[in-house]
Structures are given as structure tokens and as C-alpha cells.
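For reference, the structure is listed below as C-alpha cells.
In my numbering, the protein residues as written are 105 to 494.
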């Protein structure tokens with residue numbers, strides 16, 4: 105039987121915060137991995153030292169969470185820091201690995217750490233069941249491809265490292281070391297039940313165009329052979345000059361772009377991050393020429409309500425009592441709720457949907473998961489909600 109336990113702390117002392125979080129979580133038998141999430145304002149090495157002083161040889165991986173964490177007991181958002189962990193144990197074997205960015209390609213790094221992880225496996229030979237991944241906010245798709253080159257297209261859950269100000273102050277945590285650029289994974293072997301829902305929970309509009317020019321993989325240059333930023337401004341009735349630079353990031357939280365998977369089961373959100381002088385747009389995930397892009401829409405209240413609605417869908421998908429929940433919520437969505445002065449409603453909304461079970465919610469700069477009959481997907485401004493049962 106798969107077991108989990110959530111621990112957390114808001115101790116301003118990083119070492120003590122790690123100790124308190126790990127101590128609270130360390131009540132499951134046969135602990136296998138601690139998924140650990142922290143504030144970017146504290147010393148990540150000290151946080152992990154504190155947690156490792158309690159958990160010993162149990163691997164700890166994770167990342168920094170944007171501005172807050174949320175647990176069954178409340179919303180942790182002290183400016184002086186916080187940490188939270190979901191510890192997995194019981195009838196499960198988990199192997200982990202991670203790497204800072206090297207001169208290898210991200211896909212090569214993903215394959216290498218997947219091989220390193222599965223070589224640590226001690227149990228009987230079997231296929232893995234699902235995996236957790238966290239990466240820096242770039243090249244997530246390539247890391248994912250490399251991992252899947254080794255372990256196949258098994259379900260993923262997780263999200264990208266984040267900071268509080270989109271300044272690159274994020275960290276990935278890999279069992280005692282911290283780095284800003286790279287990837288970490290935990291591969292699970294268990295008969296325990298896991299289900300994931302991956303959604304942006306936006307509504308599609310009639311504003312649709314064909315991507316006709318992309319630079320690299322994440323700069324949208326043209327839609328329908330027109331400058332992308334001008335096309336977006338036309339769709340949303342905004343002044344294009346007001347969308348320049350970082351203004352675009354906040355202006356698009358309630359009206360991002362979306363791309364569909366090949367069979368239309370997932371509309372993956374593409375968050376425009378910055379408007380450029382040539383009227384191109386920097387996007388927070390990969391794009392492909394000659395595919396359709398859709399303008400999406402929702403209100404802050406709708407974005408908030410999506411928490412309860414998505415948890416209800418996850419409960420239906422699980423088809424049994426859920427023991428615990430791991431909730432990946434985009435930091436950009438959280439920012440949109442903060443700008444609308446309703447960030448304080450996130451916890452009560454989730455608690456209403458999960459009144460009596462444990463959960464850990466983290467706020468990331470990219471989200472990974474699966475939709476109905478879809479493959480593993482990377483996007484932004486999304487929810488990747490996972491339930492664990494027996």
C-alpha cells in the first residue's frame with residue numbers, strides 16, 4: 105500500500121525549517137523519497153542539510169516554489185521563507201537522479217539521469233509506473249524526451265522551478281545540492297494507484313490562427329504571416345505598445361494562447377512572457393510552425409474556481425478514496441489571483457474540495473502532466489493535479 109505524509113515549516117532559520125518539515129513528514133514506514141519544495145529566499149543547502157539530518161539516506165529532490173506553498177493546514181507565504189515535503193513510503197520503490205546543465209543537450213541529460221536512476225533499483229525487474237520531474241524553466245520538453253527515451257511514455261507529474269519575481273532566483277534540489285539550471289527526477293515502482301489531471305481550465309475563443317514563423321522553439325514571430333504581437337493585440341482589443349516587454353506576462357494571464365495535442369484531448373497553454381520590438385512574443389513553452397494557436401480566456405474568479413472543479417474531476421477519475429493529493433499550480437496563475445486581490449481564497453477553495461485528506465500544493469513556472477488519452481505534456485498557466493490511493 106502506497107503511503108504519503110506531508111510536512112511543512114515556516115521557520116526563518118533554513119536548517120531548522122528543513123528539520124521541522126522532515127520530522128513532521130517522517131512517520132511513514134519504508135520511506136523512499138521526499139519531494140521537497142522551498143522558498144527561494146532561504147539557503148537551499150541549509151534547508152536540505154536540515155531535512156537530511158532527519159531522513160538520512162532517503163533521497164530528497166524538488167525545487168523552489170513561487171511565493172507560497174499550500175497544505176491541508178493553511179497557506180504558507182511568509183516573506184522570510186517556508187518549506188514543505190511530501191514523503192512517500194509503504195509499498196513502493198523510488199529511485200532518483202538529477203543533474204545541473206552541462207555541455208550535453210537537455211535530451212541527453214534527461215536520458216542520462218533516467219539511466220542513473222533505474223540503475224539504482226534493487227527490487228524485482230518490472231516497468232516503472234510513473235515519475236516526478238522538475239526542471240529549470242527552459243528546455244523542459246527536451247529533458248522529458250530524454251527521460252522517456254529510457255523509461256517510455258509512463259505518466260509524469262511535476263513542474264518547473266520558480267522564484268518570486270521571475271528573475272532566475274529559482275533552484276532545483278537534488279539530495280543535498282542545489283542548482284538553477286538542470287533537471288531532477290524520481291521514478292516510482294508501485295502497485296499503488298496514481299491518477300493525474302493536466303488542464304489549463306481556460307475557455308477557447310474564436311480567435312484562431314496558424315503559426316507561420318517561430319525562432320528557436322519559444323519565440324512566436326508570426327501568426328497567419330502577421331506579426332504575432334499585433335495579431336494578439338487585435339484579438340484582445342489591446343494597444344500593442346502596452347504589451348511590450350514584461351507587460352505582456354501579466355496582460356496574458358487571463359487571456360493566454362493554447363495549442364491542441366494531435367487528437368484534441370489536451371489544450372496546452374502557452375503563456376506569452378514578453379513582447380519584443382519586432383512584435384514577436386517570447387513564449388514559456390515550445391511551439392511548432394504550421395500548427396494552430398488559439399486565444400484562450402478566463403476570469404480571475406474562474407481561474408480560482410478551477411481548483412475545486414479540477415479536484416472533483418480527479419476524484420471521479422481515481423474511482424476510489426484518494427489518500428493524498430499533490431497539486432502543481434502555476435505561479436503565474438497565483439500571480440493573477442494576487443493581482444485580482446483573491447490570492448487569499450486559494451486555500452479555502454482547495455480545502456473545501458479536500459476537507460479531510462492531506463495535500464501539498466506548489467507553485468511552479470511550468471507544469472507537466474497528462475490529459476485523457478494524451479501523452480505527457482508541458483505547458484504554463486496550468487494545473488497538474490495528482491491523486492494517490494492504495
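Built from N, CA and C at the ideal position, the CB exists for glycine as well.
Since this is a predicted model, take the numbers as computed values, not measurements.
{"Item": "May I ask you to list the residues that DSSP assigns as paired with residue 189?", "Value": "111 and 140"}
{"Item": "Where residue 227 and residue 436 are concerned, what is the direct C-alpha to C-alpha distance, given to the nearest angstrom?", "Value": "40 angstroms"}
{"Item": "Can you tell me which of 371, 219 and 174 puts its alpha carbon nearest to the alpha carbon of residue 451?", "Value": "174"}
{"Item": "Can residue 422 be considered in contact with the ligand NAD, in the sense that its beta carbon sits closer than 6 angstroms to one or more heavy atoms?", "Value": "What this structure holds is no ligand at all, so the ligand NAD is not there to describe."}
{"Item": "To which residues does DSSP link residue 173 through a beta bridge?", "Value": "180 and 466"}
{"Item": "Considering only their Cβ atoms, is the gap separating residue 143 from residue 188 smaller than 7 angstroms?", "Value": "no"}
{"Item": "Just verifying my parser: in three-state terms, what is the DSSP assignment at residue 402?", "Value": "coil"}
{"Item": "Shortest alpha-carbon distance to residue 312 belongs to which of 193, 301, 265 and 401?", "Value": "401"}
{"Item": "Buried or exposed: which applies to residue 428, given that a residue is buried once 16 or more other Cβ atoms fall within 10 Å of its Cβ?", "Value": "buried"}
{"Item": "CB residue 131 to CB residue 156, shorter than 7 angstroms?", "Value": "no"}
{"Item": "Taking the C-alpha atoms as reference points, what is the distance between residue 205 and residue 243?", "Value": "11 angstroms"}
{"Item": "With DSSP as the reference, please indicate the residues paired to residue 296 in a beta bridge.", "Value": "In DSSP, residue 296 forms no bridge with anything."}
{"Item": "Identify the continuous alpha helix (DSSP H) that holds residue 250 and give its terminal residues.", "Value": "244-255"}
{"Item": "Could you say which of 230, 193, 251 and 234 lies nearest to residue 214 if we only look at CA atoms?", "Value": "251"}
{"Item": "Going by alpha carbons, who is nearest to residue 281 out of 163, 482 and 369?", "Value": "163"}
{"Item": "Along the chain, where does the alpha helix (DSSP H) containing residue 121 start, and where does it finish?", "Value": "118-129"}
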